[in-house]
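Novice:
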Amino acid sequence: MPLLPKKICETITMDFDSLIENKSGLGTAGIVVINKDQDIIACMARIARFYKHESCGQCTPCREGAGWMYRILDRVEKRKATFNDIDLLSDVTKQIEGHTICAFGEGSAWPVQGLLRHFRKEIESRCREEPLIKKKINNPYLVDQHLLENKNA
Ligand code: SF4
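Quick note on numbering: the sequence shown equals residues 159 to 311 in the working numbering.
1. Identify which residue in A267, R237 and T218 has its Cα closest to the Cα of E287.
2. Can you tell me which of C285, G183, S176 and I254 puts its alpha carbon nearest to the alpha carbon of A206?
3. Use the C-beta contact count for K210: other C-beta atoms within 10 angstroms, 16 or more gives buried, fewer gives exposed.
4. So, with DSSP's three-state summary, where would you put R286?
5. What is the rounded straight-line gap between the Cα of E212 and the Cα of Q196?
6. How long is the line joining the alpha carbons of I259 and T186, rounded to whole angstroms?
7. Would you mind working out which of T240, K252 and G183 sits nearest C285, comparing C-alpha positions?
8. Indicate the three-state DSSP secondary structure (helix, strand or coil) for T251 in the structure shown.
9. For T218, does the three-state DSSP call read helix, strand or coil?
10. Going by alpha carbons, who is nearest to L148 out of A261, M159 and K194?
11. In its own chain, which residues sit with a C-beta less than 8 Å from the C-beta of I170, not counting the 5 before and 5 after it?
12. Q271: beta carbon under 7 Å from a heavy atom of the ligand SF4?
13. Kindly indicate the opening and closing residues of the alpha helix (DSSP H) around K238.
14. Indicate the three-state DSSP secondary structure (helix, strand or coil) for F208 in the structure shown.
15. Could you name the residues, in chain order, whose CB is less than 7 Å away from a heavy atom belonging to the ligand SF4?
16. To which residues of the same chain is A261 closer than 8 Å at the C-beta, ignoring the five residues directly before and after it?
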């Protein structure tokens with residue numbers, strides 16, 4: 159089920175209707191409480207790794223998407239992700255959601271959607287800009303000075 163922050167959990171009754179109103183759910187009624195001292199990104203990367211491992215592989219979105227989510231979250235955790243990775247992560251969850259034959263797909267995508275919804279600042283604080291070389295913009299600093307010399311043109 160989608161992750162919820164403490165400030166929401168403290169103000170709602172934890173029943174089916176309230177949780178659905180807050181874009182989460184009771185699911186199988188098993189609740190995981192994550193202490194604020196924990197690294198929430200690392201926790202979610204760990205959960206994504208679980209889904210990657212447990213996917214039976216029958217549906218492509220679940221089989222491939224779970225791995226994508228894990229690898230992106232792992233990059234975010236290690237501060238190796240770029241801002242583009244955040245949109246990519248969101249896209250992957252949408253590609254899984256509703257496109258698999260069992261609920262395991264949603265089970266893997268929804269927690270990550272909750273993370274994106276409520277902990278986006280935490281994710282962004284660990285991401286960096288795309289390297290200039292990948293942006294395909296005309297940046298004079300990226301011109302190879304070697305090629306500007308006539309003899310090398
Ligand atoms: S959604 Fe269900 S059936 Fe499809 S690959 Fe995942 S675990 Fe298997």
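Note that beta-carbon positions come from the ideal geometry of N, C-alpha and C, so glycine has one too.
Specialist: In short, the structure shows the following:
1. R237
2. I254
3. buried
4. strand
5. 24 Å
6. 18 Å
7. T240
8. helix
9. helix
10. Residue 148 is absent from the model: the chain starts at 159 and stops at 311.
11. S176, L177, E179 and N180
12. no
13. Counting along the chain, K238 falls outside any alpha helix (DSSP H), and DSSP gives it neither H nor E.
14. helix
15. S213, C214, G215, Q216, C217, C220, R221, T258, I259, C260, F262 and G263
16. none
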